[in-house]
Structures are given as structure tokens and as C-alpha cells.
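Sequence order for the protein chains is A and B. Read in order, the letters of the first sequence are residues 1 to 207 in this note's numbering. Read in order, the letters of the second sequence are residues 1 to 212 in this note's numbering. Note that beta-carbon positions come from the ideal geometry of N, C-alpha and C, so glycine has one too. From a predicted model like this one, the values you see are computed outputs, not experimental measurements. Below: one structure, written as C-alpha cells.
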Amino acid sequence: MKTIKYLAKRAAIAAMMVVAFVLPAKSQISQDTYFNIDWQFNIPLGNDFSSTASGWGMNFEGGYYVTPQMALGAFINYHTNNEYIPRRTLHIGNTALNTDQQHSLFQLPFGMTARYRFDYGMFQPYVGMKLGAEYAKMSSDFYIFENSKNTWGFFASPEVGFMCYPWPGSVGFHAAIYYSIATNQGKLMGYDMNTINSLGFRLGLAF
Amino acid sequence: MKKLIPMLFAALAFFTACEKDPDTDKLDNRYLVFTDHDSNIGFDTLHTYYVPDSILYINSGEKKEYWRSPIAEEIRQAFIQNMNERFTRVDDPLLADVGLQLSYVASTYTFGGYGNYPWWYDYPYYWSPGYWGGYWGGFYYPYLVTYSYSTGSIIAEMLDLDNTTTKKLPILWNAYVSGLLNASGNINVNKAKAGIEQAFEQSPYLNNAGSR
């Protein structure tokens, strides 16, 4: 008897979840638009200037659904990745500098975003693409000095994620995984940076 | 559209300020050593050197001061020890191929007040070119110098005393050793000696001195 009750309870919860996730529309505040504010975790890939993963970033984006599935909009996000470079001697031209350093890579991409959602109920999985420009600043702090370089490049970032609205007509949650590539190039204190590739995820609020 | 562009710039300026500053507390706080040299000179043609008996003390005052103390002598001896491994020391600057002038930056006021390139050129109380026995009209670096100065730094400059083709005394090699002050504002001699050792280690071309 206990087993039947347990199974019935599990089935009821599963049914509720299925119904909740396929509920049609009216789940978010506005059916025609969306807005996300996210905390961001970023892992630089193949970059020897600053390759330590960090959570020092945020993402802001919003869009308008031109069809029930397809949205077009704009985004801006920022992220800083720091890396401690142990003491070494850098030979640059005729000069030599012996010091340790703190490298920073600050990325600020912005531009247009497109998103295709597979459902528009309570649970809205989607795929998206961001395209735009990226400002990135390479900087090296050593002793009491800082050396930095500003760079610009094109930015592209595919992502997959979902928005979940557990309370109809109210704020929801957003999660996404992204990959990004920016064509920024720069040289700083003997370090070359050719393109910035990153992998990361975002967690935040959906409106 | 006219309003959009200023708004975009304002947004970029705002988000640029969101950059997280690096944690400089993680730096090892040992020292910074910068060296530069004239790549056109063959150090193998240089054999002898002369070093003055004291270190110039660059302070905020305009009066010429020299640093003479057991600490200053320890620092000077650290240079002498490294130079002796590469050159032959002589007692007369007129007989030397190169001269090594040493300075300690106790205050950066002088540099701010007199400009920083070439900051010694017009400064009347810096090492006098006449000190070196010739009729030199000043010093010059045959290469571009682009570093900053900070309090508690040691500067070493190697002068080409053999040169008779220029009116100004060429500086063939320079070393800047910084970050030497301890928490109480006094120079850490062990750090200074390690930094001086590093300056020679990262200048391997000096090892060729006297080989021809």
C-alpha cells in the first residue's frame, strides 16, 4: 500500500512538472519582450595572458519577440579575468625587467542578440547568438606600476540556455552556457594576445 | 539616433568602470629590476672600470649630497663584487674604460621638478660630467629610456669613458633596482644586494667584458 502511495505521489509530481513546463504563455511579465540580468562565470581558453577562470562579470540583455519563438535585441556584458604571473625576467628589445605581475583581461562586448525559444510556457529553452564589438583592456600590474593596452575587435557568441518562470506574470530565472570569440589582438610586455576565446555560464533573473 | 550614440558611450563608460582591480597584495614585494644597454657597443672591448667612493643621494633638496654609511658601503660593495667578476678595477678614472656611477633615490621630487628625460641633463648637482676627467658637456643615453622612478631605488649607470667621438658622455648600461624599502621606510640591504645581483644576471652581455 505504501508503495502504491509513493508511486502515486511521484506520478502526481511528475505530471505537475510536465503540465507546468508546457503551460502556454502568460508566464512572464510581458509576452513580447524579455530582459535578463545575470552573474557570469568566464573561463578564458588558449590565452596565456590571463587564463584564470573567474566570476567577476555580469550580463545585461533584452529583446523583442518578432515571432512567438524568435527574438531580436541588444546586449552588453563585462568580465575581468586576473592571473598572477610569478617572478621572471622579461627580455624586450635591449631591456630586461625582473618582476612578478598581476595580469588582468577586461572584456566589454556589446551588440545585437538573436534568440530562438523552443517553448513559451513556464520553461523556455532557447538557443541564441550574440554579435557585436568588443573592447578589451590588457593590463599588467607590477611593483607600483601598471602597463595597459586597449584593444577592439569583433565579437560572436553562441549560447544555449533556458528561462524559467515558476510564478506566472512575475520574475523568473535564467541560465545559459556560452562560448565566445573576439578578434581582439594586443601585445603587452612581451605577451601576445591573438583573439580571445572564452567558455562560461550565466545565472540570473529573467523578466 | 542622435540620442542613442551618447547613451551608448555613457553606457560603455559606466561598464568600463566595472573592471575589477587586480589583487596587488599577491605580488611578492621583493624588488623590481630593470636594465637596459646600448646594443651597438661591444662590451668585449671594455676591460677596466672605475667606481667613485660614494653613492649620490638624490633627495628633495638642491644641494648635492652623497650617501656615506655602512649600508651605502654594503650596496657599493655589491656592485664592486659583480663588476670585479667582469672587469678589472682601476683607481684612476682616466685609466678606466668605463665608469660606474651609483645613485640612491631618496625622493622623487627632483624628477618631478626637472622633468624626466633626460632628467639629469640640466640638473646642476647631479653627477658632474667633469667628475670623469674629460670635457664632457653632459650625459646621454644612446637608447630610449622609458622607466619611472620611485622612492627607495638604486640607479647604476655605466659610462663609456673611452669614447672621444661625442661631446656628451654615453651611458652604455643602466640598472634600476626598486622596491627596496621595508615597512618602516628604511632600505632593506638584503633586498638591495639581491636586486643588484639580479641586475648583472639579467645582463649577460656584460660577461663578455674584457674578453678581447
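So residue i and residue j are supposed to be a Cβ contact under 8 Å. How far apart are they, rounded?
{"i": "Ser-153(B)", "j": "Val-189(B)", "result": "Wrong, their Cβ atoms sit about 14 Å apart, outside the cutoff."}
{"i": "Leu-172(B)", "j": "Ile-41(B)", "result": "5 Å"}
{"i": "Val-33(B)", "j": "Ala-209(B)", "result": "With 8 Å as the limit, Val-33(B) and Ala-209(B) do not qualify as a contact, their Cβ atoms being about 19 Å apart."}
{"i": "Thr-113(A)", "j": "Glu-61(A)", "result": "6 Å"}
{"i": "Asn-197(A)", "j": "Trp-152(A)", "result": "Actually they do not touch by this definition, with Cβ atoms about 17 Å apart."}
{"i": "Asn-47(A)", "j": "Met-193(A)", "result": "7 Å"}
{"i": "Met-83(B)", "j": "Tyr-31(B)", "result": "Met-83(B) to Tyr-31(B), Cβ: 19 Å. No contact."}
{"i": "Gln-69(A)", "j": "Thr-24(B)", "result": "Incorrect: roughly 49 Å between the Cβ atoms, too far for contact."}
{"i": "Leu-159(B)", "j": "Val-98(B)", "result": "6 Å"}
{"i": "Tyr-120(A)", "j": "Ala-71(A)", "result": "Their Cβ separation, rounded to whole angstroms, is 10 Å, which puts Tyr-120(A) and Ala-71(A) out of contact at 8 Å."}
For residue i, tell me which candidate among the options has the shortest Cα-Cα distance.
{"i": "Arg-202(A)", "options": "Ala-176(A), Thr-183(A), Phe-106(A)", "result": "Ala-176(A)"}
{"i": "Leu-97(A)", "options": "Ser-170(A), Pro-109(A), Ser-140(A), Ile-196(A)", "result": "Ser-140(A)"}
{"i": "Asp-162(B)", "options": "Leu-46(B), Asp-91(B), Pro-204(B), Tyr-57(B)", "result": "Leu-46(B)"}
{"i": "Val-160(A)", "options": "Met-138(A), Val-127(A), Tyr-78(A)", "result": "Val-127(A)"}
{"i": "Gln-198(B)", "options": "Lys-64(B), Thr-35(B), Pro-22(B), Lys-26(B)", "result": "Thr-35(B)"}
{"i": "His-79(A)", "options": "Phe-15(B), Ala-11(B), Gly-185(B)", "result": "Phe-15(B)"}
{"i": "Phe-41(A)", "options": "His-91(A), Thr-52(A), Asn-47(A), Thr-33(A)", "result": "Thr-52(A)"}
{"i": "Ile-155(B)", "options": "Leu-206(B), Ser-203(B), Gln-101(B)", "result": "Gln-101(B)"}
{"i": "Leu-205(A)", "options": "Trp-167(A), Gly-172(A), Glu-146(A)", "result": "Gly-172(A)"}
{"i": "Phe-110(A)", "options": "Ala-78(B), Lys-3(B), Leu-12(B)", "result": "Leu-12(B)"}
{"i": "Leu-181(B)", "options": "Leu-27(B), Thr-151(B), Asp-28(B)", "result": "Thr-151(B)"}
{"i": "Ile-181(A)", "options": "Asp-38(A), Tyr-165(A), Phe-155(A), Lys-187(A)", "result": "Phe-155(A)"}
{"i": "Ala-194(B)", "options": "Lys-3(B), Gly-179(B), Asn-186(B)", "result": "Gly-179(B)"}
{"i": "Trp-167(A)", "options": "Gly-200(A), Phe-207(A), Ala-133(A), Glu-146(A)", "result": "Phe-207(A)"}
{"i": "Ala-72(B)", "options": "Ile-196(B), Ala-183(B), Glu-19(B), Phe-200(B)", "result": "Ile-196(B)"}
{"i": "Asp-92(B)", "options": "Pro-52(B), Gln-77(B), Asn-186(B), Ile-5(B)", "result": "Pro-52(B)"}
{"i": "Tyr-92(A)", "options": "Ser-39(B), Arg-86(B), Ala-183(B), Asn-29(B)", "result": "Per the sequence shown, the amino acid found at residue 92(A) is Ile instead of Tyr. Of Ser-39(B), Arg-86(B), Ala-183(B), Asn-29(B), the residue nearest in Cα terms is Ser-39(B)."}
{"i": "Ala-133(A)", "options": "Ala-71(A), Asn-77(A), Asp-32(A), Glu-83(A)", "result": "Asn-77(A)"}
{"i": "Leu-90(A)", "options": "Leu-199(A), Tyr-116(A), Leu-188(A), Gly-55(A)", "result": "Leu-188(A)"}
{"i": "Pro-22(B)", "options": "Ser-148(A), Gln-124(A), Asn-59(A)", "result": "Ser-148(A)"}
{"i": "Gln-107(A)", "options": "Ser-54(A), Arg-88(A), Tyr-116(A), Tyr-165(A)", "result": "Ser-54(A)"}
Label residue i either buried or exposed according to how many other C-beta atoms from any shown protein chain fall within 10 Å of its C-beta, with 16 as the threshold for buried.
{"i": "Val-22(A)", "result": "Interpretation of Val-22(A) is limited by its pLDDT of 44, a score under 50 that renders its predicted location unreliable; no figure is taken from the coordinates."}
{"i": "Phe-9(B)", "result": "exposed"}
{"i": "Trp-67(B)", "result": "buried"}
{"i": "His-37(B)", "result": "buried"}
{"i": "Met-7(B)", "result": "exposed"}
{"i": "Gly-115(B)", "result": "Low per-residue confidence applies at Gly-115(B): pLDDT is 35, beneath 50, and the placement is therefore not dependable, though the value from the model is reported in the following sentence. When all chains shown are included, Gly-115(B) counts as exposed."}
{"i": "Pro-24(A)", "result": "Note on Pro-24(A): pLDDT 45, under 50, position unreliable in the model; the coordinate value appears next. Exposed: under 16 other Cβ atoms inside 10 Å."}
{"i": "Leu-94(B)", "result": "exposed"}
{"i": "Leu-56(B)", "result": "buried"}
{"i": "Lys-137(A)", "result": "buried"}
{"i": "Gly-169(A)", "result": "exposed"}
{"i": "Gly-190(A)", "result": "exposed"}
{"i": "Phe-118(A)", "result": "exposed"}
{"i": "Asn-144(A)", "result": "Checking the sequence shown, residue 144(A) turns out to be Ile, not Asn. So Ile-144(A) counts as exposed."}
{"i": "Tyr-64(A)", "result": "exposed"}
{"i": "Pro-124(B)", "result": "At Pro-124(B), the pLDDT of 34 sits below 50, so the modelled position is not reliable and the matter cannot be decided from this model."}
{"i": "Lys-130(A)", "result": "buried"}
{"i": "Asp-38(A)", "result": "buried"}
{"i": "Gly-185(B)", "result": "exposed"}
{"i": "Val-177(B)", "result": "buried"}
{"i": "Arg-115(A)", "result": "buried"}
Could you spell out the range, first to last residue, of the alpha helix (DSSP H) harbouring residue i?
{"i": "Ile-71(B)", "result": "70-84"}
{"i": "Gly-195(B)", "result": "189-201"}
Going by DSSP, what residue range makes up the beta strand (DSSP E) through residue i?
{"i": "Gly-208(A)", "result": "Here chain A has residues from 1 to 207 only, and residue 208(A) is not among them."}
{"i": "Arg-88(A)", "result": "70-92"}
{"i": "His-37(B)", "result": "32-37"}
{"i": "His-103(A)", "result": "95-117"}
{"i": "Ser-198(A)", "result": "191-206"}
{"i": "Ile-155(B)", "result": "153-160"}
{"i": "Gly-99(B)", "result": "98-105"}
{"i": "Trp-152(A)", "result": "145-164"}
{"i": "Glu-134(A)", "result": "123-142"}
{"i": "Tyr-179(A)", "result": "172-188"}
{"i": "Thr-33(A)", "result": "33-45"}
{"i": "Ala-175(B)", "result": "169-178"}
{"i": "Ile-214(B)", "result": "Since the first and last residues shown for chain B are 1 and 212, residue 214(B) lies out of range."}
{"i": "Tyr-50(B)", "result": "48-50"}
Say yes only if the C-beta of residue i is nearer than 7 Å to one or more non-hydrogen atoms of the ligand NAP, and no if none qualify.
{"i": "Ser-139(A)", "result": "In terms of ligand content, the structure shown is empty, and the ligand NAP therefore cannot be addressed."}
For the region 170-191 of chain B, which residues have a CB atom closer than 7 Å to at least one CB atom of chain A, in sequence order? Along the region 170-191 of chain B, going in chain order, the ones with a CB nearer than 7 Å to a CB of chain A are Ser-178, Gly-179.
Positions along the region 62-94 of chain A whose CB lies within less than 7 Å of some CB in chain B: Ile-76, Tyr-78, Thr-80, Asn-82, Tyr-84, Arg-87, Thr-89, Asn-94: these are the residues of the region 62-94 of chain A whose beta carbon lies less than 7 Å from some beta carbon of chain B, given in chain order.
Interfacial residues, the region 154-171 of chain A to chain B, with Cβ spacing under 9 Å: For chain B, none of the residues of the region 154-171 of chain A brings a beta carbon within less than 9 Å of one of its beta carbons.
Relative to chain A, which residues along the region 60-74 of chain B have a C-beta separation below 7 Å, given in chain order? Against chain A - using a Cβ distance shorter than 7 Å - the region 60-74 of chain B contributes no residues.
Select from the region 3-34 of chain B all residues with a C-beta closer than 9 Å to any C-beta belonging to chain A, and list them in chain order. Listed in chain order, the positions of the region 3-34 of chain B with a beta carbon within less than 9 Å of a beta carbon of chain A are Leu-8, Ala-11, Leu-12, Phe-15, Thr-16, Cys-18, Glu-19, Lys-20, Asp-21, Pro-22, Asp-23, Thr-24, Lys-26, Leu-27, Asp-28, Asn-29, Arg-30, Tyr-31, Leu-32, Val-33, Phe-34.
Which residues, taken in chain order from the region 47-60 of chain B, show a beta carbon closer than 7 Å to some beta carbon of chain A? When CB distances to chain A are screened at a threshold of 7 Å, not a single residue of the region 47-60 of chain B falls below it.
Give, in chain order, every residue of the region 133-148 of chain A whose Cβ lies closer than 8 Å to some Cβ of chain B. So the close ones are Tyr-135, Lys-137, Ser-139, Asp-141, Phe-142, Tyr-143, Ile-144, Phe-145.
Residues from the region 35-46 of chain B in contact with chain A, defined by Cβ distance under 7 Å: Flagged, chain order: Thr-35, Asp-36, His-37, Ser-39.
Residues of the region 100-129 of chain A whose Cβ lies closer than 9 Å to any Cβ of chain B, in chain order: Result list: Asp-100, Gln-101, Gln-102, His-103, Ser-104, Phe-106, Leu-108, Phe-110.
According to a CB-to-CB cut-off of less than 8 Å, which residues of the region 171-187 of chain A neighbour chain B? For the region 171-187 of chain A, which is checked against every Cβ of chain B, not one residue is closer than 8 Å.
Near-chain B residues of the region 38-53 of chain A - C-beta to any C-beta below 9 Å: Those residues of the region 38-53 of chain A that come within reach of chain B (Cβ to Cβ, closer than 9 Å) do not exist; the list is empty.
Within 8 Å of chain A by C-beta, residues of the region 97-108 of chain B in sequence order: Listed in sequence order: no entries.
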